[in-house]
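Participant: Taken in order, these protein sequences are the chains called G and R. Note that the numbering used here has the first sequence beginning at 1008, numbered continuously upward. Note that the numbering used here has the second sequence beginning at 221, numbered continuously upward. Don't be surprised by glycine CBs; every beta carbon is placed ideally from N, CA and C. Here it is: the structure, laid out below.
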Amino acid sequence: MAHQTDPMGRRDVLALGGAALAGLVASQAVAAGPATVKFALTPVFLTSDLDLLDKLKSYLQQATGRPVQLVTRRTYQEITAMILAGQVDAAWVCGFPYVANKTQMQLVAVPVWHSRPVYQSYLISDAARTATDLEHLKGDIHAFSDPDSNSGYLVTAAELASKAISPEAFFSQTFYTYGHRNVVRAVGSGLAQSGSVDGYVYEVLRTMEPDLVAATRVVRASAWYGFPPVACLAATANSENTRLLTKALLGMQADPTGREVLAMLELDSFSAEPPSLFDTIGANMELVRKRA
Amino acid sequence: MTWFTAISDRLPLTFKVPALVVVLMIVIGAGVSQVVFSRLVATQERQLNDLADAYLDGVESAIVDPVLRQDTWEIFDALDRARRLYQAVGPLQTVVADPQGAVLAASDPRAAPIGAKIADVFPVPASATGKVEIGGQGRATVARPLVVEGRMIGDIYAELDTAALVHERAQVLWTLLGTNAALTVLLAALGWFMVRRMVRPVNVLFAALQRAADGRVEPISEIEMRNAGSEASRLFAQFNDMAKAMADREALTGRLAQEERLSSLGRLASGLAHEINNPLGGLFNALDTLKVHGARPEVREDVARLLERGLFGIRDAVRSVLATYRPDRQVRNLLGADIDDVRLLVRPEVRRKRIELIWENQLPKEFEVDAFPVRQVVLNLVLNACSAVPESGTVLVRAQVDAADLWVDVEDSGPGLPAHVEAFLGAAGSESPVAGTTGLGLWIAKRMAAELGGTLTAGHSSLPGAAMRLRIPRRVGIEGESQHVA
């Protein structure tokens, strides 16, 4: 899952904007032909999503030398479906859908955060609580980010599965917020008593929206997992668009505009990583599937 | 209302008018405030209801789908955004519950956790009409059912912050009170000032009348006349005319008294001439006798005694006249001899008309009343009686005292007083001289009696003519001089 978390409070606005953009993209695609690079992602961030998208688009156009269209969707499921349907040249997805569709997908690049292509899942609770372990959260109303998110669902579900219990049975109630930031909001406001959230997003939020994060605390950080990657359809992995996009992402830290984008994302760079980076996610997925 | 009228009559105009202004301003202020305030309340409630409706409309449209999907996060997110979007409504808490009354989500989840019973976490809306009413607590509640295609899928409960509205009401109320109070004070002060200006001439006139009642009739000064308005000037001018007329009358009265005194002197003059002339004849005779038979000692002694008696008689007559008419007289107590002096003065008249004069002077040696005016009045009364009786008539004079008063009765056997004179003497307050020739003396006598604090009344005598009764109260605290009549 990734750090493409979704939306902040403007998720709906962005979704609408995304939809409009997508419509625009479609019509332009007809006009411009296959030369347009189409890159999909969930609304990634936080307070400056639109700035980020502008900057990212600007960099990618400059780096690929082609028109670039960014396509945003609310859920990982929608993004995953677009990749599988060949509607986009590449997409920033979560490790969980990548692993789940490993046979049809191919890695394009993996973000490097704090010098490593890995991140954690956090269990968070209200700042006033003293829980230090998942066990202490039994009976809570628990907020998940997305059913296709590794850090926002799978990590917690797998840990419970290892104890032979389902999230629905362990928690009194669960719900999905479709955004890591929303998990923080849900827990901070008291709507949920605890939540599963992307550690990378949480840490970025800590600097960008300290008040929001201050209402919560980290109960426990998980093991390290492969960072949500950029992936493409394996069948089109050798297309010119995908090749140009891969080159642009991997060369981002060498370009001033690229570095601005990375700075906004608080990432070091994008790197090429082996699929094995996501094996632990695959193991968790198997665990949950077996339990189910 | 009689007590009110009584109190109100006693209060000065300078108090009553400002007080009336205050009362009117309070009534008007209360009425206007009531209208303004009720309009404000109605406007506020209408606005609040419009806002609440708009708010609930917005929330409803945003949460219908999430409620159908039981999407807790989406409901919360919609409520959370609405809270910021509709800050004018001031939603403190918005709760969405399912048809069974279990909370699906709330804008403040800590106060209304998911799954809690709505009855436990939200006050029942105050009004079943769906209208929001602004209570004094600064909070108002409203509820709306969520209905989709005729099916009830839940309820929205909202608690709105009306503190600002309540505060606005209080501010308006205090502003109204403050403005009204300030206006009331201002207008009352203005009323007091203006009325004081308006009644100033009345006060001036009142003071002048008060002085006149105390016996000092003075015209209103030129300064006051200049300061007064045209109406007041006319009023003052009329008062001054009246004051002048009164002063003239006072002067006239004084002259009349003087003339009356001289008039009675005139009436006495011929009698006095006789009184002096009679002994003079005897004295001349005695002188002749002395010239012829002066050598004889017994004759000389007889003549000397004769001369002495004659001269005594003349001296007494002259003394009495002087005592009555001497202008530089001093205030002194009445002596019994004063009354007897009157007898001496009227003797010529008595003798001329052969009147039987019954003289009962029972006065002590001295009595504390002013001697001069009493002599004057008694003389006047006795002379009147003497002139009223026919030849050989009877006049009775009785002077006596009791602890407090001097009483002098003068009765005669004449025809009695004319009716109008008797009426004048009977009427206590009559101030004007009576018409007719004989009235002036009695009028002055009555005035002099009144100046001494006494009375002069008329009645019928058993003689059977007129009966006059003079009563003069004893003076208190003034020590008279025991000066003899001479």
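1. Is the separation between the beta-carbon of Phe1234 of chain G and that of Ser1156 of chain G shorter than 8 Å?
2. Judging by CA-CA distance, which residue of R:Val597, R:Glu631, R:Val570, R:Ala619 is the nearest neighbour of Leu672 of chain R?
3. Roughly how many whole angstroms lie between the Cα atoms of Glu480 of chain R and Thr234 of chain R?
4. Report yes if the C-beta distance between Thr314 of chain R and Ile376 of chain R is below 8 Å; otherwise report no.
5. In chain order, what residues of the same chain lie with their CB nearer than 6 Å to the CB of Glu728 of chain R, ignoring the 5 residues before and after it?
6. Interface residues of chain G around Arg303 of chain R at Cβ under 7 Å?
7. So is Thr1184 of chain G in contact with chain R if we call contact Cβ pairs under 8 Å?
8. Within the continuous alpha helix (DSSP H) that includes Asn1189 of chain G, where are the two ends?
9. In chain order, what residues of the stretch 1191-1205 of chain G put their CB closer than 7 Å to some CB of chain R?
10. For chain R, check one thing: does any of its Cβ atoms lie closer than 8 Å to the Cβ of Thr1054 of chain G?
11. Any beta-carbon of chain R closer than 8 Å to the one on Ile1131 of chain G?
12. For Pro365 of chain R, count the other beta carbons within 10 Å of its own beta carbon; 16 or more makes it buried, fewer makes it exposed. Which is it?
13. Check the Cβ of Gln1180 of chain G against every Cβ in chain R and list those closer than 9 Å, keeping chain order.
14. Taking just the CA atoms, how far does Tyr1126 of chain G sit from Ala1116 of chain G?
15. Label Glu379 of chain R either buried or exposed according to how many other C-beta atoms from any shown protein chain fall within 10 Å of its C-beta, with 16 as the threshold for buried.
16. What are the start and end residues of each continuous alpha helix (DSSP H) run of 4 or more residues lying completely inside the stretch 494-550 of chain R, in chain order?
17. Could you check where the alpha helix (DSSP H) with Gly398 of chain R kicks off and where it finishes?
18. Does any residue of chain G bring its CB to less than 8 Å from the CB of Ala325 of chain R?
19. So, for Asp1058 of chain G: in the same chain, excluding its five sequence neighbours on each side, which residues have a beta-carbon less than 8 Å away from its beta-carbon?
20. Could you check the C-alpha separation between Ala467 of chain R and Pro439 of chain R for me, to the nearest Å?
21. Provide the residue(s) that pair with Ser1128 of chain G in DSSP beta bridges, ordered along the chain.
22. Closer than 9 Å, Cβ to Cβ, to anything on chain R: give me those residues from the stretch 1142-1158 of chain G, in chain order.
23. Three or more beta-carbon pairs under 8 Å between the stretch 417-430 of chain R and the stretch 456-471 of chain R, yes or no?
24. Quick one: measure Cβ to Cβ for Asp1153 of chain G and Thr1082 of chain G, integer angstroms, because I've assumed they're closer than 8 Å.
25. Against chain R, does Asn1189 of chain G count as a neighbour if the rule is that its beta carbon must be under 8 Å from one of theirs?
26. Do Thr1287 of chain G and Ala1230 of chain G have their C-beta atoms closer together than 8 Å?
27. In chain G, which residues lie with their C-beta within 7 Å of the C-beta of Arg330 of chain R?
28. Does the beta carbon of Arg481 of chain R sit closer than 8 Å to a beta carbon anywhere in chain B?
29. Quick one: using the 10 Å Cβ neighbour count with 16 as the cut-off for buried, is Arg266 of chain R buried or exposed?
30. Per DSSP, which residues does Glu631 of chain R bridge with? Please list them.
31. Mapping DSSP to helix, strand and coil, what is Pro593 of chain R?
32. So, helix, strand or coil for Phe1046 of chain G, using DSSP?
33. Report the CB separation of Ala1150 of chain G from Thr1184 of chain G in whole angstroms; it is logged as a contact under 8 Å.
34. Buried or exposed for Thr222 of chain R, going by 16 or more other Cβ atoms inside 10 Å?
35. Is there a Cβ of chain G sitting closer than 8 Å to that of Phe296 of chain R, yes or no?
36. DSSP three-state label for Gln1084 of chain G, please.
Facilitator: If we stick to the structure as given:
1. On the first sequence, residue 1234 of chain G is found 227 positions in, with the first residue counted as 1. On the first sequence, residue 1156 of chain G is found 149 positions in, with the first residue counted as 1. No, Cβ-Cβ distance for Phe1234 of chain G and Ser1156 of chain G is not below 8 Å.
2. Locating residue 672 of chain R in the second sequence gives position 452, where the first residue counts as 1. For Leu672 of chain R, the nearest C-alpha among the options comes from R:Val597.
3. Locating residue 480 of chain R in the second sequence gives position 260, where the first residue counts as 1. Locating residue 234 of chain R in the second sequence gives position 14, where the first residue counts as 1. Approximately 50 Å, taken between the alpha carbons.
4. On the second sequence, residue 314 of chain R is found 94 positions in, with the first residue counted as 1. On the second sequence, residue 376 of chain R is found 156 positions in, with the first residue counted as 1. Yes; because the gap between Cβ atoms is below 8 Å, this pair is in contact.
5. The displayed coordinates of chain R run from 221 to 706. Any statement about residue 728 of chain R would go beyond what the structure contains.
6. Here residue 303 of chain R corresponds to residue number 83 of the second sequence, with the count starting at 1. In chain order: nothing, as chain G lies at least about 11 Å away.
7. Looking up residue 1184 of chain G in the first sequence gives position 177. Closer than 8 Å: yes.
8. One-based indexing of the first sequence puts residue 1189 of chain G at position 182. Where Asn1189 of chain G is concerned, the enclosing alpha helix (DSSP H) stretches over 1187-1196.
9. Per Cβ criterion, the list reads Ala1193, Ser1196, Gly1197, Leu1198.
10. To locate residue 1054 of chain G, count along the first sequence from 1; it is residue 47. Reliability of the predicted coordinates at Thr1054 of chain G is poor, the pLDDT of 48 falling under 50, and the value obtained from them is presented with this limitation in mind. At a cut-off of 8 Å between beta-carbon atoms, Thr1054 of chain G makes no contact with chain R.
11. Start at 1 with the first residue of the first sequence, and residue 1131 of chain G comes out as number 124. No, Ile1131 of chain G does not count as interfacial toward chain R.
12. Residue numbering aside, residue 365 of chain R sits at position 145 when the second sequence is read from its first letter. It is exposed - the Cβ of Pro365 of chain R has fewer than 16 other Cβ atoms within 10 Å.
13. Residue numbering aside, residue 1180 of chain G sits at position 173 when the first sequence is read from its first letter. Those within 9 Å of Gln1180 of chain G in chain R are Thr292, Ile334, Gly335.
14. Mapped onto the first sequence, residue 1116 of chain G falls at position 109. Mapped onto the first sequence, residue 1126 of chain G falls at position 119. Distance between the alpha carbons of Ala1116 of chain G and Tyr1126 of chain G is about 15 Å.
15. On the second sequence, position 159 is the one that residue 379 of chain R refers to. Buried, since its Cβ has 16 or more Cβ neighbours within 10 Å.
16. 517-545
17. Within the second sequence, numbered from 1, the residue matching residue 398 of chain R stands at position 178. Here the alpha helix (DSSP H) through Gly398 of chain R covers 383-433.
18. Taking the first residue of the second sequence as position 1, residue 325 of chain R is located at position 105. With 8 Å as the cut-off, Ala325 of chain R counts as an interface residue toward chain G.
19. Translated into the one-based positions of the first sequence, residue 1058 of chain G becomes position 51. Answer for Asp1058 of chain G: Met1271, listed in chain order.
20. In the second sequence, counting from the first residue as 1, residue 467 of chain R sits at position 247. In the second sequence, counting from the first residue as 1, residue 439 of chain R sits at position 219. Approximately 10 Å between the Cα atoms of the pair.
21. The residue given as residue 1128 of chain G occupies position 121 in the first sequence. The partner list for Ser1128 of chain G (beta bridge, DSSP) reads G:Asp1205.
22. Ile1148, Ala1150
23. yes
24. Sequence index remark: in the first sequence, residue 1153 of chain G carries index 146 (1-based). Sequence index remark: in the first sequence, residue 1082 of chain G carries index 75 (1-based). Confirmed, Cβ separation roughly 6 Å.
25. As a first step, residue 1189 of chain G must be located in the first sequence, where it is residue number 182. Among the CB atoms of chain R, one or more fall inside 8 Å of the CB of Asn1189 of chain G.
26. In the first sequence, the residue the question calls residue 1287 of chain G occupies position 280. In the first sequence, the residue the question calls residue 1230 of chain G occupies position 223. In contact: Thr1287 of chain G and Ala1230 of chain G (Cβ atoms closer than 8 Å).
27. Within the second sequence, numbered from 1, the residue matching residue 330 of chain R stands at position 110. Those are Gly1197, listed as they occur along chain G.
28. The chain inventory of the structure shown lacks chain B, comprising the protein chains G and R.
29. Counting from one through the second sequence, the residue named residue 266 of chain R turns up at place 46. Result: exposed.
30. Locating residue 631 of chain R in the second sequence gives position 411, where the first residue counts as 1. Paired residue(s): R:Leu616, R:Ala687.
31. As a first step, residue 593 of chain R is located in the second sequence; it is residue number 373 there, counting from the start. In the three-state scheme derived from DSSP, where H, G and I count as helix and E and B as strand, Pro593 of chain R is classed as helix.
32. Translated into the one-based positions of the first sequence, residue 1046 of chain G becomes position 39. Note: Phe1046 of chain G maps to strand in three-state DSSP.
33. Within the first sequence, residue 1150 of chain G is the residue found at index 143, counting from 1. Within the first sequence, residue 1184 of chain G is the residue found at index 177, counting from 1. Their Cβ separation, rounded to whole angstroms, is 5 Å, which keeps Ala1150 of chain G and Thr1184 of chain G in contact under 8 Å.
34. Taking the first residue of the second sequence as position 1, residue 222 of chain R is located at position 2. Under this definition Thr222 of chain R is an exposed residue.
35. Indexing the second sequence from 1 puts residue 296 of chain R at position 76. Yes, Phe296 of chain R counts as interfacial toward chain G.
36. Position 77 of the first sequence, counting from 1, holds the residue named residue 1084 of chain G. If DSSP states are grouped into helix, strand and coil, Gln1084 of chain G belongs with the helices.
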